[in-house]
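Shown next, in structure tokens, is the structure this report addresses.
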Amino acid sequence: MKFGIPLARAHPGVWPDLTKRAEELGFESVWLPEHLVLPAAMSGSPHDGDTHPPVPPQTPIFDALNYLSFLAAQTSTIRLGTYVYNIGLRHPFVSARAAATLDIVSGGRFDFGVGASWLREEWDAVGLDFDSRGARVDEALQVCRALWTQPSIEHHGRFFDFCEVMFEPKPIQPGGPPLHIGGDGKAALRRVARFGDGWLPMNHTLDRIPDSVRTLTRLWTDHGRSGKPHVTTSVPISSADDVRRAADAGIDRLIVSPWQRTREALDGIARFADQYIATAAAG
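If you're matching positions, the sequence shown starts at 1 in UniProt numbering and goes up one per residue.
Right, dumping it as structure tokens:
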């Protein structure tokens with residue numbers, strides 16, 4: 001089992017120290033969420049059952065790929081991920097260039113978590129159609145992958161239309177940074193099977209994971225994919241048995257935040273590493 005940390009659960013002032021300490025302790029990755037803007041009036045939530053947004057509009061938001069590049073310069077082995085990047089809000093030229101740059105400056109340590117978004121008002125602010133976002137995300141992913149892998153690309157699609165362009169330098173990781181697709185429904189699973197390297201379930205309890213993994217595996221095979229999709233999510237962990245159950249359910253990476261307040265974060269990850277990471281390494 002791999003373990004990652006959601007940096008946004010702590011104050012931004014400790015993100016560099018938290019990342020460097022996580023690397024020392026053997027954590028595999030750190031992850032940042034992303035928004036372009038938070039409209040003053042927001043509705044809905046990415047979390048099932050919630051009727052209000054999980055963050056107030058005045059929440060500080062950083063450019064995730066820019067900030068992860070800053071963290072890359074201070075580390076050497078820990079992976080750096082977005083959980084998740086709203087790729088549909090940009091032209092794929094912008095997303096592909098930023099992602100390739102981060103992958104290069106980090107030495108190939110970038111995991112690109114992307115989602116179709118939940119915040120209608122953010123799409124309204126940008127002037128894009130929220131209801132067609134899924135198709136727009138699919139086309140953006142198609143373009144990004146082509147830019148990262150082909151000597152030149154010409155594209156004439158529903159949302160993006162351009163004559164032949166060239167894109168250099170290519171990312172370090174073959175095929176580009178791994179794409180981890182966020183979402184819970186069949187559309188998200190199909191997106192993983194078509195474009196992704198991994199899946200980021202957002203609202204799955206542990207008992208729901210196995211059925212969805214089986215569905216994803218079938219879709220993956222139907223699309224002629226080899227290997228298996230990588231599953232990354234967060235579930236409650238309070239014992240080694242919980243970690244084993246997560247692995248048995250098909251989870252490959254757990255995102256954990258073993259602290260309640262920012263001042264407890266450094267000690268929290270140290271205790272977690274001693275209990276789970278060091279024990280696993282010894283075993």
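Think of the CB as a built atom: it goes at the ideal place given N, C-alpha and C, for glycine as much as any other residue.
Residue i, DSSP secondary structure in three states
| i | result |
| --- | --- |
| PHE112 | strand |
| TYR67 | helix |
| PRO158 | It should be pointed out that residue 158 corresponds to Arg in this sequence rather than to Pro. Coil. |
| PRO6 | strand |
| ILE181 | strand |
| GLU164 | strand |
| GLY26 | coil |
| ILE61 | coil |
| ILE172 | coil |
| TRP259 | coil |
| TYR276 | helix |
| ILE251 | coil |
| LEU147 | helix |
| VAL37 | coil |
| GLY227 | coil |
| TRP199 | strand |
| LEU216 | helix |
| TRP123 | helix |
| LEU32 | strand |
| ARG90 | coil |
| ILE237 | coil |
| TRP118 | coil |
| ALA73 | coil |
| ARG43 | Per the sequence shown, the amino acid found at residue 43 is Ser instead of Arg. Correct three-state label for SER43: coil. |
C-beta neighbour in chain D for residue i, strict 7 Å
| i | result |
| --- | --- |
| GLU24 | Looking for chain D here will not work: only one protein chain is present. |
Same chain, Cβ closer than 7 Å to residue i, five either side skipped, listed in chain order
| i | result |
| --- | --- |
| ARG190 | LEU219 |
| PRO177 | ALA99, ASP103, PHE110, ASP111, PHE112, PRO171 |
| THR77 | GLU23 |
| HIS52 | SER45 |
Residue i classed as buried or exposed, judged by whether at least 16 other C-beta atoms fall within 10 angstroms
| i | result |
| --- | --- |
| GLU23 | buried |
| ALA73 | exposed |
| THR233 | buried |
| GLN173 | buried |
| ALA273 | buried |
| HIS204 | buried |
| SER239 | exposed |
| VAL165 | exposed |
| PRO258 | buried |
| VAL94 | exposed |
| HIS156 | exposed |
| THR75 | buried |
| HIS180 | buried |
| THR82 | buried |
| ARG79 | buried |
| ALA41 | exposed |
| GLU168 | exposed |
| GLU122 | buried |
| GLY198 | buried |
| ARG244 | exposed |
Same chain only: Cβ atoms within 8 Å of residue i, ignoring 5 sequence neighbours per side
| i | result |
| --- | --- |
| LEU7 | TRP15, LEU18, THR19, VAL30, TRP31, LEU32 |
| residue 288 | With the chain represented from 1 up to 283, any question about residue 288 goes unanswered, as that position is not in the structure. |
| VAL55 | LEU38 |
| THR101 | LEU65, SER69 |
| ILE269 | ILE5, LEU18, ARG21, ALA22, LEU25, PHE27, PRO258, TRP259 |
| ILE277 | PHE3, LEU25, GLY26, PHE27 |
| ALA247 | MET1 |
| PRO12 | PRO60, PHE62 |
| PHE195 | ASP138, LEU141, GLN142, ARG145, LEU179, ILE181 |
Same chain, Cβ closer than 6 Å to residue i, five either side skipped, listed in chain order
| i | result |
| --- | --- |
| ALA125 | VAL37, PRO39 |
| VAL213 | GLY250 |
| ARG9 | SER257 |
| ASP48 | ASN203 |
| ILE61 | HIS35 |
For residue i: DSSP bridge partner residues
| i | result |
| --- | --- |
| ILE78 | Answer is none; ILE78 lacks a bridge partner. |
| TYR83 | According to DSSP, which records beta bridges pairwise, TYR83 is partnered with nothing at all. |
| THR232 | ARG253 |
| LEU189 | According to DSSP, LEU189 bridges with nothing at all. |
| ILE153 | VAL165 |
beta-carbon residue i near the ligand ADP non-hydrogen atom, thresh 6 Å
| i | result |
| --- | --- |
| GLU28 | You won't find the ligand ADP in this model; it holds no ligand whatsoever. |
Inter-stretch contact (C-beta, 8 Å, three-pair minimum) for the region 180 to 187 and the region 158 to 169: no
Validate contact between the region 96 to 108 and the region 122 to 139 using beta carbons, cut 8 Å, 3 pairs: no
Cβ pair count under 8 Å reaching 3, the region 95 to 105 against the region 63 to 72: yes
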